[in-house]
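Here's the structure, in structure tokens; my notes come after.
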Ligand SMILES: Nc1ncnc2c1ncn2[C@@H]1O[C@H](COP(=O)(O)OP(=O)(O)O)[C@@H](O)[C@H]1O
Ligand SMILES: [Mg+2]
């Protein structure tokens, strides 16, 4: 029931830098993507590729110093968040855009009862009084499937398991019915079975509330059944952008192909998992040329000399690669033979 | 929780006896005696004294004699120097002096230390931060016996605002200089603890969560960060208060205050065994109780801690 009544979020040429002793870390450098209302967007990339910083930039929570948003636009429901005052952004945080973080163990305040942490949201943004906020907190916990919610609301975070804690985080994040939910590796810290439950929950709640979702993960496998579009990031840049189905079927970038190969195949025999060779680059000292070149299996001379172009492969499919078209064609060939 | 407290209190008792025994032993080991003064006394008189105080008996008899009244009635005996005065009276008389100055000094140190430490943490690497931490560094490096006389020189001997020394009662101007002198070091220490604690907490995930909820920075700090940020200060407060309440030797000396610390020095110089043991035992008990209070406070402040 995705009602595509327009663009909710458009990130344009976002650049977020950190000033460190080691030089300027260009954690996010020229990232652009858009999210339609009611859609789910996946942001995928190896660790350190700039996914979290991108999303912290969206709600302007990049720690400053050392970080700063050096340029770009973040147009949310028609207004550029980067132009707003701190006070105006605060009214968007939690109310219209909310976040769930990777580690539910540390993301809730260990000193505060769950009830207070949830009530805080609705009292602030929805003007609830104590009783209303309390009832709302219980209702939210029931909605995310916490058994015996009315009793559990009086517990402290450490009295919940990891999965339950992430449910509490989700309840809190959704308590003001935000237009956008950003989930930053919401399942990375959890057991595999719990992971699936949490993803299922996010999917269900998304359908129920119509909230748009940005799902960040380093695991392409998570994105497959969850998202409409995928943005693949590497070294602070968007390497590929496409509708999810298209990206999985016809990847147009060697990096994406590497990521796809490293997704564990549940049907395959337990074997060695593929890993892209080498390590992500140091984004403080990028050489000219393609940042992925040293690890790329089809690297050519030009890759070391020139920064690659962002090639449009079809209406909604872009890839940052000198050989995007060739890679895309190979993918097409492979998919037709495998069919 | 109650069981924890009772257990801890029970452990306190043997601990105190170990402390007393060690003190008793150290007094014996050190050369000299309470009756050795500059002027030598005739042999006959010395023998008399030895006889009277049982000093010619074997050590275990002496030890038993010293310990028995303490074990039986918590009776620390009479001072040898202040003839006829029970040790408990001397402590009861001097404790309020030390405790008043110590408590005021610590309160001042807490208020200013937490304020400056928090400001420094919230405005990390700003002029505020550097200024607070520079002052704190000074506070830690300049010893009491320099700060005290310096304050006296300025406020008493030059400006004539405040009395330079002596005890003027529980609510008098004479408290100001000793309290200031005493609080400096603690203020500096608390400021640094607060800054470090707050910086650590402000970087934590749940503070990021609190910010992502759209809370005002003020609420983020007061509601979410302060409690965890001040835990190091809570731990520090136990031993610090124990020492401050039971008298600080240097400051009481500088300002000639009739507090426990001053009596302790006198007692040590005089080899006044019962008084030394009494004061040491009292300090040890206070320290143990304060640490117990800290642990109770921890359990109260941090829901994850259960005893
Ligand atoms: N507070 C910070 N100070 C300096 N560098 C940072 C900071 N936060 C993130 N970075 C850098 O930004 C880059 C991207 O980080 P991040 O967005 O967290 O990656 P991920 O894709 O794993 O979420 C990394 O190279 C990281 O070292
Ligand atoms: Mg991350």
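Residue numbers (this note's numbering), protein chains in the order written: chain G, 1 to 339; chain B, 1 to 307. Heads up, the beta-carbon is just placed ideally off N, CA and C, and yes, glycines get one too.
- Sorted by chain position, residues whose beta-carbon lies closer than 6 Å to a non-hydrogen atom of ligand 1 are G/18, G/20, G/25, G/27, G/45, G/47, G/48, G/49, G/50, G/51, G/52, G/53, G/63, G/66, G/67, G/283.
- In this structure residue 196 of chain G is not in contact with residue 105 of chain G, their Cβ atoms being roughly 19 Å apart against a cut-off of 8 Å.
- Neighbours of residue 166 of chain B across chain G, judged by C-beta separation under 9 Å, do not exist; the nearest C-beta is about 46 Å away.
- Secondary structure at residue 234 of chain G: strand, using DSSP grouped into helix, strand and coil.
- Relative to the non-hydrogen atoms of ligand 2, the Cβ of residue 185 of chain G comes within a distance shorter than 7 Å of at least one.
- Within 7 Å of the CB of residue 63 of chain B, no CB atom of chain G is found; the nearest one sits about 49 Å away.
- Counting along the chain, residue 47 of chain B sits inside the alpha helix (DSSP H) bounded by residues 43-53.
- Interface with chain G (8 Å Cβ-Cβ cutoff): residue 118 of chain B is excluded.
- Contact holds between the region 37-51 of chain G and the region 209-223 of chain G, because three or more Cβ pairs, one in each stretch, are under 8 Å apart.
- Taken atom to atom, the span from the alpha-carbon of residue 108 of chain G to that of residue 169 of chain G is near 7 Å.
- Leaving aside the five residues that flank residue 164 of chain B on each side, the residues in its chain whose CB is nearer than 6 Å to its CB run, in chain order, 152, 156.
- With its beta carbon less than 8 Å from one in chain B, residue 106 of chain G belongs to the interface.
- Three or more Cβ pairs closer than 8 Å define a contact, and the region 313-327 of chain G meets that threshold against the region 236-255 of chain G.
- Taking a beta-carbon distance threshold of 8 Å, residue 224 of chain B counts as an interface residue toward chain G.
- Boundaries cannot be given for residue 144 of chain G, as no alpha helix (DSSP H) includes it and DSSP labels it neither H nor E.
- For the region 59-70 of chain G, the set of residues with a beta-carbon nearer than 9 Å to any beta-carbon of chain B comprises 59, 61, 63, 65, in chain order.
- Counting along the chain, residue 10 of chain G sits inside the beta strand (DSSP E) bounded by residues 7-20.
- Chain B places no beta carbon closer than 8 Å to that of residue 52 of chain G, leaving this residue out of the contacts.
- Within a 10 Å sphere around the beta-carbon of residue 262 of chain B sit 16 or more other beta-carbons, which makes this residue buried.
- The three-state reading of DSSP puts residue 242 of chain G in strand, counting E and B together.
- The criterion of a C-beta distance shorter than 8 Å is satisfied by residue 111 of chain G and residue 227 of chain B.
- In terms of beta-carbon proximity, residue 232 of chain B stays away from the interface with chain G, with every pair separated by 8 Å or more.
- Within its own chain, the residues whose Cβ lies closer than 7 Å to the Cβ of residue 115 of chain G, once the five positions on either side in sequence are excluded, are 134, 137, 153, 154, listed in chain order.
- In the three-state DSSP reduction, residue 226 of chain G falls in the coil class, being neither helix nor strand.
- For the region 203-216 of chain B, the set of residues with a beta-carbon nearer than 9 Å to any beta-carbon of chain G comprises 203, 204, 205, 206, 207, 208, 209, 210, 211, 212, 213, 214, 215, 216, in chain order.
- According to the DSSP assignment, residue 217 of chain G belongs to the beta strand (DSSP E) that extends over 212-217.
- By alpha-carbon distance to residue 14 of chain G, the top candidate from G/254, G/209, G/81, G/38 is G/81.
- Residue environment for residue 305 of chain G: exposed (fewer than 16 other C-beta atoms within 10 angstroms of its C-beta).
- Counting along the chain, residue 112 of chain G sits inside no beta strand (DSSP E), nor does DSSP assign it H or E at all.
- Per DSSP, the beta-bridge partners of residue 73 of chain G are G/12.
- Put simply, the CB of residue 200 of chain G is far from chain B, with every gap to its CB atoms at 8 Å or more.
- For the pair of segments examined, the region 282-292 of chain B was found to touch the region 242-258 of chain B: the number of CB pairs separated by less than 8 Å reaches three.
- By the Cβ test, the region 183-199 of chain B is in contact with the region 113-121 of chain B, since at least three Cβ pairs between them sit closer than 8 Å.
- Apart from sequence neighbours up to five positions away, the residues of its chain that approach residue 58 of chain G with a beta-carbon distance below 6 Å are 74, ordered along the chain.
- Interface residue (Cβ-Cβ distance to chain G less than 8 Å): residue 228 of chain B is classified as such.
- Shortest Cα-Cα distance from residue 123 of chain B to any of G/64, G/20, G/36, G/208 involves G/64.
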